[in-house]
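Heads up, the thing below is written out as structure tokens.
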Amino acid sequence: MGWLKGQVALVTGGGSGIGRAVVKRFLDEGAEGVGVFVRNPDHVAQLTEEHGDKVVVHAGDVRSPADNDAIVTKTVARWGKLDTLVGNAGVWDFMTGIEKLSIEQVAESFVEVFGVNVLAYALAARAAAAHLRKSRGSMIFTLSNSAFHAGGGGPLYVASKHAGLGLIRQLAYDFAPDVRVNGVAPGATMTPLRGPVSLGKNERRLSDIKGFEENIAASTPLKFVAQPHEHTGHYVLLASKENSRATTAHVIHSDGGWDIRPLR
Ligand SMILES: NC(=O)c1ccc[n+]([C@@H]2O[C@H](COP(=O)([O-])OP(=O)(O)OC[C@H]3O[C@@H](n4cnc5c(N)ncnc54)[C@H](O)[C@@H]3O)[C@@H](O)[C@H]2O)c1
0 MGWLKGQVAL
10 VTGGGSGIGR
20 AVVKRFLDEG
30 AEGVGVFVRN
40 PDHVAQLTEE
50 HGDKVVVHAG
60 DVRSPADNDA
70 IVTKTVARWG
80 KLDTLVGNAG
90 VWDFMTGIEK
100 LSIEQVAESF
110 VEVFGVNVLA
120 YALAARAAAA
130 HLRKSRGSMI
140 FTLSNSAFHA
150 GGGGPLYVAS
160 KHAGLGLIRQ
170 LAYDFAPDVR
180 VNGVAPGATM
190 TPLRGPVSLG
200 KNERRLSDIK
210 GFEENIAAST
220 PLKFVAQPHE
230 HTGHYVLLAS
240 KENSRATTAH
250 VIHSDGGWDI
260 RPLR
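In numbering that gives the first Met the number 0, the protein residues as written are 0 to 263.
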């Protein structure tokens, strides 16, 4: 262990699920410190208790330019640099079809889902840009099997994750040769991923869906639903300056084989 020795990272959506597992794994890999952007103020104390002075935690809204600037500033103030940005906070739409929504809900949910899943990634990239150029670091964004396939969300979520792919590709183009920009695309994962407030689904969690684990496992070629830590090695690999020096504009699929799903 130790691929990220001395590195400093920042993880958005790091209070739960995949983001929280990435924070832990980066520290296990020798990272000097991790700035963590959370939504829920309870996660500030939890993360600090778990990782002590290896983390600085900021509670806010990833759609806020000021909050993005704040966590970057706090992270760099603590450790003097930033090597890796992991944009990861997200909301899912619980596969809500467009006809299930009123026309006003389509407009509101679009703004919310794209705000968290796309705008916030662009804001984080902007806030971290100068520091990442200086360290010749990298950005890693959490996408989804929904960045490549239909059927893992409703149209708003799937469109937002496809947009995330476009963002990665263009940022990689713009930031080369200084900063590598890549993604990880998980498939179904047991996390408390929530829905949008605009759909009244912000208290609903993916992990609470009845039969989720069995049903999704049955339709996935590798026949299991991942736990958050099972994706974290991909983030480590992409963040590693030694092991991924030639890799940019790339997305690692960690979805149990969605490309080779049998047709139903
Ligand atoms: N769980 C899955 O099946 C799955 C599959 C594919 C992709 N993903 C993606 O993985 C990423 C992480 O999700 P997860 O599954 O770990 O769920 P999660 O809910 O545990 O993590 C998402 C985090 O984003 C935070 N967040 C949401 N809106 C925010 C806001 N406005 N401001 C600040 N923080 C906000 C939440 O508080 C939460 O901690 C997301 O981008 C999601 O789309 C998840």
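Even for Gly, the Cβ is constructed at its ideal location relative to N, Cα and C. In this text, all values refer to a predicted model and were calculated from it rather than measured experimentally.
The closest heavy atom of ligand 1 lies 7 Å or more from the beta carbon of glycine 256.
Residue pairing for glycine 182: DSSP places it in a beta bridge opposite Phe140 and Val250. Take glycine 14, set aside five residues on each side of it, and the residues of its chain with a beta-carbon closer than 6 Å to its own are Val37, Asn39 and His42, in chain order. Closest in alpha carbon position to glycine 12, among Ala245, Leu142, Ile208 and Gly1, is Leu142.
Taking C-beta atoms under 8 Å as the contact rule, histidine 57 and leucine 26 fail to qualify, at a distance of about 17 Å. Under DSSP, no beta-bridge partner is assigned to glycine 51.
Segment contact: the segment 131-142 against the segment 165-181, three or more CB-CB distances shorter than 8 Å; contact assigned. With respect to the 8 Å criterion, alanine 88 and glycine 18 are classified as neighbours on the basis of their beta carbons. Taking 3 residues as the shortest admissible run, the segment 154-209 contains the following complete beta strand (DSSP E) segments, listed from N- to C-terminal end: 179-185. Here DSSP, grouped into helix, strand and coil, assigns histidine 57 to strand. Proline 227 places its beta carbon less than 8 Å from that of threonine 188. Secondary structure note for leucine 118: it is in no beta strand (DSSP E), with a DSSP letter that is neither H nor E.
With fewer than 16 other CB atoms across the displayed protein chains lying within 10 angstroms of its CB, lysine 209 is exposed.
Leucine 46 and valine 35 do touch by the CB rule: their CB atoms are close to 6 Å apart, below 8 Å.
Shortest gap from the CB of proline 191 to any heavy atom of ligand 1: under 7 Å. For alanine 124, the CB stays at least 7 Å from every heavy atom of ligand 1.
The three-state secondary structure of phenylalanine 147, taken from DSSP, is coil.
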